[in-house]
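Numbering (this note's numbering), first residue to last: 703 to 800. Glycine included, C-beta positions come from ideal geometry on N, C-alpha and C. Just so we're clear, the structure is a prediction, and the values are computed from it rather than from any experiment.
Take a look at the structure:
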């Protein structure tokens, strides 16, 4: 059984194999001849702490006249979990679409 879905802006093709259900995704940062096999159950967001400021904080911006502006800043990364539950298939085709 194959399914296509969008998770967090990433298009995934879910396929059922003898080894279980797996998600295949194309990544714009990978060569067109490579395919990522990802276990989404292992992936989760990680809130990165900025030393001395915390995870999310408000920071004042330049003042113009009597108006005060602030920006809310924070960093979120991705924890991939157990790396043995992910993989990459390389050198699919020859890169020219054939």
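message = Taking its Cβ as the centre, do 16 or more other Cβ atoms sit within 10 Å of residue 763, making it buried, or is it exposed?
response = exposed
Member of 745, 733, 716, 717 whose CA lies at the smallest distance from the CA of residue 787 = 745
Span separating the alpha-carbon of residue 733 from that of residue 783 = 23 angstroms
ask   = Three-state secondary structure (DSSP) at residue 742?
value = helix
ask   = Taking one C-beta from the segment 714-725 and one from the segment 738-753 each time, how about it: are there three or more such pairs within less than 8 angstroms?
value = yes
Coarse secondary structure for residue 790, derived from DSSP in three states = strand
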